[in-house]
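Read through the structure below, which is laid out as structure tokens, and then see the notes.
In this note's numbering, the protein residues as written are 148 to 473.
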């Protein structure tokens with residue numbers, strides 16, 4: 148705080164380096180000359196542009212926010228614009244339309260993608276960076292078996308995270324925020340990652356706060372809706388929590404009835420770190436291809452999606468055999 152008297156002083160220092168100046172300008176949606184004019188007090192950005200600027204500078208976000216508020220008292224990234232607060236009545240109807248018309252093999256991906264896009268638009272219309280993902284229970288090895296781990300399946304975010312839908316594969320367990328949420332079947336909020344006595348694992352870099360809401364149908368659980376933000380306490384507001392709860396309810400439509408499990412079937416174990424998981428995941432496509440070739444050689448009918456799920460199950464079982472200290 149002693150080094151920068153205003154947010155313009157901080158911005159002026161950050162845009163001295165050309166590549167950083169161009170990156171901030173691109174994320175903010177203006178040109179480099181406009182950034183320079185803001186820094187020199189030649190022009191003043193709108194509140195929307197200030198929100199975008201805050202999103203573009205995650206490493207100094209708390210300081211920048213404090214300095215901006217000193218000049219613009221009405222600036223508050225914890226509030227969603229009134230027009231963005233409720234879920235539009237047309238969006239649940241669109242999800243129901245997808246449920247009715249999408250091919251069965253495309254239903255999960257189609258509904259999850261639609262919900263994530265809408266959630267990003269509503270939860271962070273022009274505010275801090277946000278990361279959203281859908282986490283699902285890995286099927287037990289037998290019908291009456293236990294769910295021992297989770298799999299993060301699909302994700303979407305805003306800067307500094309990837310702003311395109313991505314298929315994400317990593318396995319989570321009892322050590323993660325998602326695991327705690329699924330085991331308890333209750334929402335969990337982390338106001339400040341740095342203040343946690345037991346820092347949560349598997350949260351993305353730059354995450355300062357996080358939230359997870361269970362995906363439930365008829366008291367059975369299929370996974371959770373996981374979110375992280377570059378701002379502390381971002382999910383503390385009742386508005387954000389209400390939105391998260393609604394999106395988790397809509398995501399339940401993406402899962403088939405067989406994907407939901409009784410609370411008594413949830414027995415999550417501790418999963419190894421992402422670094423330990425990576426060598427197993429790097430061979431995923433090769434193993435899927437080998438499985439399809441083997442099925443073909445014995446004249447067995449096996450779809451690509453079935454082969455994928457088979458290998459996911461195999462990798463999960465192999466990771467569960469690794470001792471946590473490894």
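A virtual CB, placed ideally from N, CA and C, is assigned to each residue, including glycine.
- The beta carbon of residue 293 lies closer than 6 Å to those of 287, 412 and 414 in the same chain, with the five residues before and after it left out.
- In this structure, residue 330 lies near residue 321, with their beta-carbon atoms less than 8 Å apart.
- Looking from the CA of residue 459, the closest CA among 429, 441, 444 and 442 belongs to 429.
- In this structure residue 448 is exposed. Its beta-carbon is surrounded by fewer than 16 other beta-carbon atoms within 10 angstroms.
- Here the C-alpha atom of residue 406 lies approximately 12 Å from the C-alpha atom of residue 282.
- If the five residues before and after residue 333 are omitted, its C-beta is found closer than 8 Å to the C-beta atoms of 361, all from its own chain and listed in chain order.
- Look at residue 414 here: in three-state DSSP terms it is coil, with no helix or strand label.
- Pairing residue 383 with residue 336 gives a Cβ-Cβ distance under 8 Å.
- Residue 187 counts as exposed, since fewer than 16 other C-beta atoms from the protein chains shown sit within 10 angstroms of its C-beta.
- Counting the other Cβ atoms within 10 Å of the Cβ of residue 450 gives fewer than 16, which makes it exposed.
- Following the DSSP letters along the chain, one finds residue 269 inside the alpha helix (DSSP H) bounded by residues 251 to 270.
- Residue 220 and residue 376 have their C-alpha atoms spaced approximately 22 Å apart.
- If you look at residue 438, you'll find it isn't in any beta strand (DSSP E); it sits in the alpha helix (DSSP H) that goes 431 to 444.
- Nearest neighbour of residue 325 by Cα position, chosen from 174, 313, 178 and 295, turns out to be 295.
- Around residue 271, the same chain offers 277 and 305 as residues with beta carbons nearer than 6 Å, after the five sequence neighbours per side are excluded.
- For residue 358, the enclosing beta strand (DSSP E) starts and ends at 356 to 364.
- Take residue 454, set aside five residues on each side of it, and the residues of its chain with a beta-carbon closer than 6 Å to its own are 435, 438 and 439, in chain order.
- Residue 373 is positioned such that its CB atom lies closer than 8 Å to that of residue 359.
- Within the model, the alpha-carbon separation for residue 265 versus residue 352 is close to 23 Å.
- For residue 308, the CB contacts under 7 Å within the same chain, skipping 5 residues up- and downstream, are 276, 278 and 351 in chain order.
- For residue 314, DSSP records a beta bridge to 301.
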